[in-house]
Amino acid sequence: MNNCDVIGKIHSLESLATLDGDGVRYGVFLVGCPLRCVYCHNPDTWANSGAYTQYTARELCDKIGRYKPYFGVDGGVTFSGGEPLLQAEFVACCGKLLSQNGIEYALDTSGAVELDGHVKEAVKGAELIILDLKMYDSESYRKYTAGDMDKVIAFGDLCDRLGKRTWLRTVVVPNINDTTQDMDEYLKVASRWKCVEKYELLGFHTMGFDKYARLSIPNPLQSTSPMNSEKLQELQRYIDDKRSKL
Ligand code: SF4
38 MNNCDVIGKI
48 HSLESLATLD
58 GDGVRYGVFL
68 VGCPLRCVYC
78 HNPDTWANSG
88 AYTQYTAREL
98 CDKIGRYKPY
108 FGVDGGVTFS
118 GGEPLLQAEF
128 VACCGKLLSQ
138 NGIEYALDTS
148 GAVELDGHVK
158 EAVKGAELII
168 LDLKMYDSES
178 YRKYTAGDMD
188 KVIAFGDLCD
198 RLGKRTWLRT
208 VVVPNINDTT
218 QDMDEYLKVA
228 SRWKCVEKYE
238 LLGFHTMGFD
248 KYARLSIPNP
258 LQSTSPMNSE
268 KLQELQRYID
278 DKRSKL
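Numbering-wise (our numbering), the sequence shown opens with residue 38 and increments by one.
Encoded structure:
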């Protein structure tokens, strides 16, 4: 089997999207995620045994290549999920094929992964890393996800060493991480990485609740309200202001 024959399990594809990176994006959502974040709105991507479509790296990149004229100077592909780096060999292979075709890609990841060779290769080839900074210490990371904060720190350190353009993202949930004191803690973690170009807060919402019901998965935030958008904007201004003074 050569690299182009590596098979990826794809939850869904989204052509001509505008979120998750610069310009016009082609979103590739891969299946599988072990993290179980309490606020996840995509529990349908968790199991890699559910509904998915298989593509070889070559097949997927040929399909994406047809959209190249729409990407312009800034656009490209974003690998997301689920956790795309659970299928790092596939992502790295796609990355190589896309680069050969002059198409850049972003990785939208939790960073809570082992830094094996394929992961490093996928990160090295990426033009942009979108890293979820879910919580700011090991204890809360373990409480609200099933992941390991040390891995996220190691992942961010790798991005920093490689000088990768990096955007941080944090989902803000009422009564969990919605105070300026929480933001100060996040900023402390972020300050170790010079590669961070932008820090974006996302408000918790309830749009994925029906998926929990459909999949019969208990929803730990069933009684939590969506994040107030004005409060979210205030916290974003707080973060931006503090970062502008660094
Ligand atoms: S990392 Fe993303 S897909 Fe995985 S559980 Fe958390 S929010 Fe959901």
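Backbone N, C-alpha and C define an ideal beta-carbon position, used for all residues, glycine too.
Item to check | C-alpha gap between residue 97 and residue 112, whole angstroms | outcome: 17 Å
Checklist entry - What do you reckon, is the C-beta of residue 73 under 7 Å from a heavy atom of the ligand SF4? => result yes
Next on the checklist: Contact between the region 45-53 and the region 88-95 is defined here as three or more beta-carbon pairs at a separation below 8 Å; is this criterion met?
Outcome noted: yes
Checklist entry - Taking the Cβ atom as the reference point for each residue, do residue 224 and residue 140 lie within a distance shorter than 8 Å? => result no
Item to check | Spatial distance of residue 130 from residue 115 (CA atoms) | outcome: 14 Å
Item to check | N-terminal and C-terminal residue of the beta strand (DSSP E) that residue 45 is part of | outcome: 44-54
Checklist entry - If you measure from the CB of residue 51, is any heavy atom of the ligand SF4 nearer than 7 Å? => result no
Next on the checklist: By DSSP's criteria, residue 167 is part of a beta bridge. Which residues make up the other side?
Outcome noted: 145, 204
Item to check | Limits of the alpha helix (DSSP H) - the one that residue 100 falls within | outcome: 94-102
Checklist entry - CA-CA distance, residue 110 and residue 103? => result 16 Å
Item to check | Rounded C-alpha distance that separates residue 119 from residue 66 | outcome: 7 Å
Checklist entry - Hey, out of 227, 272, 123, 176, whose CA is closest to residue 154's CA? => result 123
Checklist entry - Assuming residue 143 contacts residue 58 under a Cβ cut-off of 8 Å, what Cβ separation, rounded to an integer in Å, is found between them? => result 4 Å
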